[in-house]
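Residue numbers for the sequence shown follow this note's numbering, so the first one is 670 and each next one is one higher. Step one of this worksheet: look at the structure below.
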Amino acid sequence: MQQQEGYGYGYAGQAGQQQQQQDVGGATQQMGQMGLDGSAPVHARRKKDRHAYHQIEQPAGTVPQGGPGGQQYLDRQPGQASPAVGADQAAAPWMQTTQPWQSQTLPQRAAQGPAQVGTPVSMGQHGGQQPAGMTQGQQARVNPDQMPSVPLSRDLPAEYYKTHIYPTMEQHFPPPATTPFVAFDQGNASPKYARLTLNCIPTSHDQQVSTGLPLGLVLQPLAKQTDGEQAIPVLDFGETGPPRCRRCRAYINPFMLFSNGGNRMTCNLCGHPNQVPEEYFAPTDPSGVRVDRTQRPELLLGTCEFLVPKEYWSKEPVPMRYLFLIDVSAESYNRGFLQGICDGILAALYGTEEESTSNGEETNGATEAKPSKVPAGAKVGFMTFDRSIHFYDVSASVSAPQQLVVSDLEDPFAAISPERLFIDTAECQYNVTHLLRSLPNMFARQPFPEPALLPSLNAALSALEATGGKVICSLAALPTYGPGRLHVRDKGQSATEDNEREFLRTDHAAFKKCQADMVKAGIGVDFFLSAPMGGYLDIATIGLVAEKTGGETYYYPNWSYPRDCLRLEKELSHTLQREQGYAALMKVRCSNGLQVAHYSGNFTQHTFGADLELASVTEDSSMSVTFAYDGKVSVRLNPVATKEERRRATHVEVRLAFTLVLLDERVR
Ligand SMILES: [Zn+2]
């Protein structure tokens, strides 16, 4: 994935034409034109509109009215040459001065004269204007109408993006993170996958020091696409893999610069001139663009997936395996959490309870009654635990579910072969349904009060060790039995700041070892925790396993049956049905001028600079990167721009290698 942020607003021309050539449909056509001829007032309208709420920094009078400077400041974007832009704006409902929330004297009303076409505005100018604006602003009183409005700056873009597409390379500010939008990939990754924390990056050292703003990147590599977005292409470069920079290992991307008639490929991240591999060679045309550019998604799109050659596989990829680990101890049974979990899993696998009930009656005993809701090819397995660990054989080879008990908590093992433990939910629907319906009653007679969590997690680990996968674990009481038992750390003593902080950390060696082993095996853990009586659960310790494996912890404080069942059901369904991969490795690379300073999120990183290890990665997984400025943020050429179209650009590559639910190893 490539995220590239550019400044220098003279972008247009050839780049736009290139985009036009690679039309994939009507939408492309539309987008290509927007950046070219300025006949697209829609963007201009939005642009103005958005700036209207940044006016507090430059009150009336600071901006030269209608002058080029002011115009640039307000509307730095290409292709808004037409005077019709202004006219169109006036027609926009939210630009009417009669709106109660809007000032009668907004400066940009006056600044609606003909705009300068694509006049470059450097960050220097931008930054330089700020202090001037602030000084003069102090002379006038702040007009409350000009205060930025959070609801408006949220709602207006939301309204706008109901009918418009967001093009990723046309120098528009990205839509707010809360706004649903359709992105059109023009070579930059969509803000859905990678979003910078600053829309304007200070380029000079002085600006970086005086603004003091940290720069970060928020990543959601597998973010769900919306309708209307082009599917991410999956590219197969065979045994050799995709072309990469020999020095920094950056993947081929739209910003690699081809020269020497197509023989040389200059890396956009490190500047290393690479020899183009023979099998990837294509001549360049007189303007320096590869003739096959329009046929190659990796040279056009900001987000691509590459199939990884076999030699890089850590293990043979298999379809996703889910292992349910269900707490059947007394508290879980008594409070209905067990019932809720079983109902929830049934609904997640086969649809809601009503549906499956009626279905079960109709087909009574038939196995392929209803299509399973888990992703095709995925398999599931079931385990329960209280003082001992129970495995279930619900495979099609048995007529009724069979239970195998492991009571050796010191050295727990998988009591059942993976072939019998992990089953296809559609094939074995009868047994699965039978098991989940009877589970709550199976443990009604003699419930043990103390769940043994850690041995159960280790047993799950041994069951999934060979393949990787996901453990979905429920727990309703503090695990106080067996190895790795936890105790009440918070004794309700006088809470000082220090010991309070202590409760949020853990140094439980056994849990840490379990978590490290899970990461090594590519196993993610999602927890569903409840404390029915508001009791103490050491979530800092338990949740660590989910945190470090890239999983999630759902917590139901004061669980009440049946009040919370719907929520549990929905969250279980989402956990199971969303797109996800396992055993992922991630790395962020950036060009000269920036350095990765820090990663934050749910993952494991052994040493600084090493790849992030995500035992589980889902469409919801996100992490963030903090950058440190390392000298001047560099000025680079857009590969398809001419010299006049020099852009300030800093490139960031995000590589995520992962094994998808049902597919092969990939790099996005
Ligand atoms: Zn490089």
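Idealized CB from N, CA, C, for every residue including glycine.
To the nearest angstrom, report how far apart T847 and A1284 are at their CA atoms.
Cα to Cα, T847 sits roughly 28 Å from A1284.
Identity of the residues DSSP links to N1100 by a beta bridge:
BP columns for N1100 are empty, so no partner.
Please report the straight-line C-alpha distance between P1120 and A999, rounded to a whole angstrom.
Cα atoms of P1120 and A999: separation of roughly 9 Å, rounded to the nearest angstrom.
Taking 7 Å as the cut-off, is the beta-carbon of R916 closer than that to any non-hydrogen atom of ligand 1?
Between ligand 1 and the CB of R916, the shortest heavy atom gap is smaller than 7 Å.
For D1222, which of helix, strand or coil comes out of DSSP?
Reading the sequence as shown, one finds Thr at residue 1222 and not Asp. In the displayed model, T1222 falls within a strand according to three-state DSSP.
What does a CB cutoff of less than 8 Å around C1183 pick up in its chain, not counting 5 residues either side in sequence?
For C1183, where only same-chain residues beyond five positions count, the Cβ hits under 8 Å are L1123, L1126, N1127, L1130, G1153, V1214.
Where does D1195 sit, in a helix, a strand or coil, going by DSSP?
Note: D1195 maps to strand in three-state DSSP.
So does L1281 have its beta carbon nearer than 7 Å to some heavy atom of ligand 1?
It does not: the Cβ of L1281 is nowhere closer than 7 Å to a heavy atom of ligand 1.
Can you list, in chain order, the stretches of the beta strand (DSSP E) that have 3 or more residues and sit fully within the segment 1034-1098?
Note on the segment 1034-1098: whole beta strand (DSSP E) runs with a minimum of 3 residues are 1048-1054, 1058-1062, 1071-1075, in chain order.
For T1295, which residues from the same chain have a beta carbon less than 7 Å from its beta carbon, with the 5 sequence-adjacent residues on both sides left out?
Excluding the 5 residues flanking it on each side, T1295 has same chain C-beta neighbours closer than 7 Å at P883, G885, A1266, H1267, in chain order.
Please identify the residue among Q855, L825, I870, F842 whose C-alpha is closest to the C-alpha of L1263.
Nearest option by C-alpha distance: I870.
Under the assumption that G1137 contacts G1191 (Cβ atoms under 8 Å), give the Cβ distance between them as a whole number of angstroms.
Indeed they touch by this definition, with Cβ atoms about 3 Å apart.
Roughly how far, in whole angstroms, is the beta-carbon of G1212 from the beta-carbon of N1227, given that I think they are within contact range, below 8 Å?
In fact, because the Cβ distance is near 18 Å, the residues do not count as touching under 8 Å.
For N1110, which three-state DSSP category applies?
For N1110, the three-state secondary structure derived from DSSP is helix.
Can you list, in chain order, the residues of its chain whose CB lies under 6 Å from that of T1273, leaving out five sequence neighbours each side?
Closer than 6 Å at the Cβ level, and outside the excluded window around T1273, lie V1188, K1217, E1282.
Those runs of the beta strand (DSSP E) which lie wholly inside the segment 850-929 and span at least 3 residues
Listed in chain order, they are 851-853, 863-865, 884-888, 926-928.
So what does DSSP say about L1144, is it helix, strand or coil?
It is a strand residue.
Of the listed residues G1046, D1186, G1250, S873, nearest to D1299 (C-alpha basis)
Closest option to D1299, Cα to Cα, is S873.
Express the C-alpha separation of H941 and L1306 in angstroms, rounding to a whole number.
Annotation note: pLDDT 34 at L1306 (below 50); position unreliable, coordinate value reported separately. Counting only the Cα atoms, H941 lies some 14 Å from L1306.
Taking DSSP as the reference, what is the three-state secondary structure of M1187?
In the structure shown, M1187 sits in a helix (DSSP, three-state: H, G or I).
First and last residue of the uninterrupted beta strand (DSSP E) at E1240:
That residue, E1240, is in no beta strand (DSSP E); its alpha helix (DSSP H) goes 1234-1246.
Is the separation between the beta-carbon of L888 and that of A863 shorter than 8 Å?
Yes, they are a contact pair.
Quick one: is M1052 buried, meaning 16 or more other Cβ sit within 10 Å of its Cβ, or exposed?
M1052 should be labelled buried.
Would you call the segment 821-830 and the segment 841-857 touching, i.e. three or more CB-CB distances under 8 Å?
Touching, yes, given that three or more Cβ pairs across the two stretches are closer than 8 Å.
Could you tell me if the beta carbon of A999 falls within a distance shorter than 7 Å of some heavy atom in ligand 1?
Not under cutoff, so the answer is no.
Hey, out of D1167, S1076, L1108, whose CA is closest to V997's CA?
Distance from the Cα of V997 is smallest, within the candidate group D1167, S1076, L1108, for L1108.
Determine the direct distance from the alpha carbon of C1142 to that of Y1061, and round the result to whole angstroms.
Straight-line measurement puts the Cα of C1142 at about 15 Å from the Cα of Y1061.
Cross-strand partners of P942 (DSSP beta bridge)
In the DSSP output, where bridge partners are listed per residue, P942 has T935.
Check whether G1009 and Y1230 have beta carbons under 8 Å apart:
Against a cut-off of 8 Å, the Cβ pair of Y1230 and G1009 comes out as a contact.
Should L1173 go down as buried or exposed, given a rule of 16 or more other Cβ atoms within 10 Å for buried?
Counting Cβ neighbours within 10 Å, L1173 comes out exposed, since fewer than 16 surround it.
Is any heavy atom of ligand 1 found at a distance shorter than 7 Å from the C-beta of C939?
Yes, ligand 1 has a heavy atom inside 7 Å of this Cβ.
In terms of DSSP beta bridges, what is R959 paired with?
Within the DSSP bridge table, the entry for R959 names T953 as partners.
Going by DSSP, name the residue or residues bridged to H1267.
Within the DSSP bridge table, the entry for H1267 names T1295 as partners.
Got a sec? Which residues, its chain only, sit under 6 Å from Q944 by beta carbon, not counting five neighbours each side?
Within the same chain, Q944 has no close Cβ partners at all.
According to the neighbour-count rule (16 or more other Cβ atoms, all chains shown, within 10 Å of its Cβ), is D1055 buried or exposed?
Result: buried.
Could you say which of G1046, K1256, A1047 lies nearest to T1276 if we only look at CA atoms?
Of G1046, K1256, A1047, the residue nearest in Cα terms is K1256.
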